[in-house]
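Novice: For the sequence shown, the working numbering gives the first residue as 1, with consecutive numbering after it.
Where is the CB? At the ideal position from N, CA and C, for every residue including glycine.
Remember, predicted model here, so these are calculated numbers, not experimental data.
If you scroll down you'll find the structure; I have some questions about it.
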Amino acid sequence: VSARLTITTGDPVTDLGARSVVQFEHRHGIIDLSWGHPDPALLPVAGIRKAAAGALDRYGPDALAYGASAGPAPLLAQIADRLEVVDGRRPDGDELLVTAGNSHGIDLVSTALLHSGDVVLVESPTYHLALRVFRDHGLEVRPVACDDVGLRLDTLADVVRSERDRGRTPRLLYIIPTFHNPTGRLMSAERRGDLIEAARALDLRILEDDVYRELSYGEKPPGSLWSMDDQATVVRLGSFAKSLAPGLRVGFLTADPATVRQISNSGVLESGGGIAHFAALIVADFMSTGEYAKHIENLRRAYRSRRDALVHACQEVMPAGASWSIPTGGYFLWVTLPGNVDPEALRAAAEREGMSFMTGVPFQVDGQGEQAIRLAFSRYSEADLREAMARFARASI
Ligand SMILES: Cc1ncc(COP(=O)(O)O)c(C=O)c1O
Numbered sequence: 001v002s003a004r005l006t007i008t009t010g011d012p013v014t015d016l017g018a019r020s021v022v023q024f025e026h027r028h029g030i031i032d033l034s035w036g037h038p039d040p041a042l043l044p045v046a047g048i049r050k051a052a053a054g055a056l057d058r059y060g061p062d063a064l065a066y067g068a069s070a071g072p073a074p075l076l077a078q079i080a081d082r083l084e085v086v087d088g089r090r091p092d093g094d095e096l097l098v099t100a101g102n103s104h105g106i107d108l109v110s111t112a113l114l115h116s117g118d119v120v121l122v123e124s125p126t127y128h129l130a131l132r133v134f135r136d137h138g139l140e141v142r143p144v145a146c147d148d149v150g151l152r153l154d155t156l157a158d159v160v161r162s163e164r165d166r167g168r169t170p171r172l173l174y175i176i177p178t179f180h181n182p183t184g185r186l187m188s189a190e191r192r193g194d195l196i197e198a199a200r201a202l203d204l205r206i207l208e209d210d211v212y213r214e215l216s217y218g219e220k221p222p223g224s225l226w227s228m229d230d231q232a233t234v235v236r237l238g239s240f241a242k243s244l245a246p247g248l249r250v251g252f253l254t255a256d257p258a259t260v261r262q263i264s265n266s267g268v269l270e271s272g273g274g275i276a277h278f279a280a281l282i283v284a285d286f287m288s289t290g291e292y293a294k295h296i297e298n299l300r301r302a303y304r305s306r307r308d309a310l311v312h313a314c315q316e317v318m319p320a321g322a323s324w325s326i327p328t329g330g331y332f333l334w335v336t337l338p339g340n341v342d343p344e345a346l347r348a349a350a351e352r353e354g355m356s357f358m359t360g361v362p363f364q365v366d367g368q369g370e371q372a373i374r375l376a377f378s379r380y381s382e383a384d385l386r387e388a389m390a391r392f393a394r395a396s397i
């Protein structure tokens, strides 16, 4: 009763206690490079307002009806056109499905292709929250080591063999070949081809998380694993979370027709219709007017300068013996620290100075120490990044 009273009289955000509109938690006095979130200043509020009006004008009540299971045709057509440009392969209509983003895509694929107790292989390190989704499904996760150009195929074969010796059959490899989170690494074209062959030989499906493809700051990245696959080995997940706005919750999945059909015939899509139908039509409108392509160019420019500002600051302040490679896309700089620096202690000291970051531990399957830290350059301006690293320098003395 009191909640109802306060909602009608006050500010709904504070009256609902700790509940907030957004996930980001602002910590007073801290420039927090631990979040892989976009800068709110780069979210196209006016453009999305216009696209929402455009979707309502064009589709009227159909914009608010239950949507087609695989997603509304106008968005499917826009995504197919865009993939032809940025990925060199255009999916056919029956190879594409709209999702609520890549987190949701991982969840959908875990439901459709896996059973509780199955083994999933991941890169080491990997996106920490994918680990959470797999574990929500009762899946067992095993790490596979990487080198500078991507997953090590000798180790992949060893891990599969040793799992089989234990009576377990790995079914799926989850991988982020393009501007990896957390390392920023780009898998080479050659390794991509070899990986697909290796996966087939090992009877593994590949779940490719392609969330950062649009955010490239140098040469165009190699085509996705999916773009190279003609034998239903790869399911690729794409998202508008990083390239447009995470709050829209719109992404997509490309795979062979049988897998797409299996997912689009699932109970959740039969019951609720297409995922995020209205948001999907907003994205379709935003793409059809050419706003999306312009927006991507702006993002690339903005994030490229932020990356440069952060790399430059690191050159000045990182302790002797620290190493990193310059990411050519994505959100993150991954710094390996010398053995005499404890990442956790460094983070505590950095927070006392007014900045923060993630240590490498959560990105490890076994949660064991990784002598590295992840700095996200997506959420803050160049000036804030420089200030953050000046504070970091004071912490590392
Ligand atoms: C590798 C990776 N996959 C998925 C996600 C989440 O994607 P979405 O917002 O589309 O669910 C992120 C976000 O940080 C990510 O880095």
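Entirely within the region 314 to 392 and at least 3 residues each: give me those beta strand (DSSP E) ranges in chain order.
Specialist: Listed in chain order, the complete beta strand (DSSP E) runs (minimum 3 residues) inside the region 314 to 392 are 332 to 336 and 372 to 376.
Novice: How long is the line joining the alpha carbons of Phe392 and His137, rounded to whole angstroms?
Specialist: Cα to Cα, the separation comes out at about 38 Å.
Novice: Rounded to whole angstroms, what's the CA-CA distance from His26 to Ala376? Just pull it up for me.
Specialist: Rounded to whole angstroms, His26 to Ala376 spans 15 Å at the Cα level.
Novice: Could you compute how far the alpha carbon of Val311 sits from the alpha carbon of Ser305?
Specialist: Between Val311 and Ser305, the C-alpha separation is close to 10 Å.
Novice: For the structure I just gave you, are there three or more beta carbon pairs, one from the region 224 to 240 and one from the region 205 to 212, closer than 8 Å?
Specialist: Touching, yes.
Novice: How many angstroms separate the CA atom of His180 from the CA atom of Phe332?
Specialist: Their Cα atoms are separated by approximately 8 Å.
Novice: Using the three-state DSSP reduction, which class does Gly193 fall into: helix, strand or coil?
Specialist: The answer is helix: DSSP assigns Gly193 an H, G or I state.
Novice: Quick one: Cα of Val45 to Cα of Ala52, how far?
Specialist: Those two C-alpha atoms are separated by around 10 Å.
Novice: Rounded to a whole number of angstroms, what is the C-alpha to C-alpha distance between Glu270 and Arg300?
Specialist: Straight-line Cα distance between these residues: approximately 38 Å.
Novice: Does the region 228 to 235 touch the region 248 to 262, meaning 3 or more C-beta pairs lie closer than 8 Å?
Specialist: A contact exists between the region 248 to 262 and the region 228 to 235.
Novice: Taking the alpha-carbon of Ala77 as reference, which of Leu64, Ser116, Leu281 and Glu163 has the nearest alpha-carbon?
Specialist: Comparing Cα-Cα distances from Ala77 to each of Leu64, Ser116, Leu281 and Glu163, the minimum goes to Leu281.
Novice: Please tell me whether, using a cut-off of 7 Å, the distance from the CB of Ile176 to the nearest non-hydrogen atom of ligand 1 is below it.
Specialist: Under cutoff, so the answer is yes.
Novice: Does the beta carbon of Ser34 fall short of 7 Å from some heavy atom of ligand 1?
Specialist: No.
Novice: Whose C-beta lies closer than 8 Å to the C-beta of Gln364 among residues of the same chain, with five residues either side of it excluded?
Specialist: Around Gln364: Ser124, Pro125, Pro143 and Glu370.
Novice: Is any heavy atom in ligand 1 found nearer than 7 Å to the beta carbon of Pro143?
Specialist: Answer for Pro143: no, Cβ out of range of ligand 1.
Novice: Considering only residues of the same chain and omitting the five flanking positions on each side of Leu5, which have a CB-CB separation below 8 Å?
Specialist: Only weak support is given to the placement of Leu5: the predicted model assigns it a pLDDT of 37, under 50, and the question is left unresolved by the model.
Novice: If we count the other Cβ atoms within 10 Å of its Cβ and call it buried at 16 or more, is Asp32 buried or exposed?
Specialist: Buried: at least 16 other Cβ atoms inside 10 Å.
Novice: Please confirm whether any heavy atom of ligand 1 lies closer than 7 Å to the CB of Tyr303.
Specialist: Tyr303 Cβ: outside cutoff for every heavy atom of ligand 1.
Novice: Please report the distance separating the alpha-carbon of Ala320 from that of Leu215.
Specialist: Cα to Cα, the separation comes out at about 30 Å.
Novice: Tyr127: beta carbon under 7 Å from a heavy atom of ligand 1?
Specialist: Within the cutoff, so yes.
Novice: Quick one: residues in its chain with C-beta nearer than 8 Å to the C-beta of Asp366, no 5 flanking neighbours on either side, listed in chain order?
Specialist: These residues qualify, in order along the chain: Pro143.
Novice: Can you tell me whether Ile7 is buried or exposed? The criterion is at least 16 other CB atoms within 10 Å of its CB, across all chains shown.
Specialist: Unreliable placement is indicated for Ile7, whose pLDDT of 40 sits below 50; the coordinate value is still reported in the next sentence. That one is exposed.
Novice: Return yes when at least one heavy atom of ligand 3 lies under 7 Å from the C-beta of Asp209, else no.
Specialist: Absence of ligand 3 is noted for the structure shown, with ligand 1 being the only ligands found.
Novice: Is Arg205 close to chain D? Criterion is C-beta to C-beta, closer than 8 Å.
Specialist: In the structure shown, chain D cannot be found, because there is only a single protein chain.
Novice: For Gly251, write down the residues that DSSP places opposite it in a beta bridge.
Specialist: DSSP output for Gly251 lists Thr99 and Ser239 as bridge partner(s).
Novice: Helix or strand or just coil, what does DSSP make of Tyr212?
Specialist: Looking at Tyr212 - three-state DSSP - the assignment turns out to be coil, as it is neither helix nor strand.
Novice: Name the residue from Ala309, Ala100, Glu291 and Pro170 whose alpha carbon lies nearest to the alpha carbon of Leu43.
Specialist: Nearest option by C-alpha distance: Glu291.
Novice: Alpha carbon to alpha carbon, how far is Pro182 from Ala255? Give it in angstroms, no decimals.
Specialist: Whole-angstrom Cα-Cα distance: 25 Å.
Novice: Is the beta carbon of Arg205 less than 8 Å from the beta carbon of Leu131?
Specialist: The answer is no: Cβ separation not under 8 Å.
Novice: Would you check if the distance between the CB atom of Ile30 and the CB atom of Glu297 is smaller than 8 Å?
Specialist: No, they are not a contact pair.
Novice: Which class does Arg27 belong to by DSSP, given the choice of helix, strand or coil?
Specialist: Arg27: coil per DSSP, three-state reduction.
Novice: Give the DSSP bridge partners of Ser124, in chain order.
Specialist: DSSP lists Ala145 as partners of Ser124.
Novice: Under 8 Å between the Cβ atoms of Ala276 and Arg307?
Specialist: Contact flag unset, no.
Novice: Put Ile175 into one of helix, strand or coil per three-state DSSP.
Specialist: In this structure, Ile175 counts as strand in the three-state DSSP scheme.
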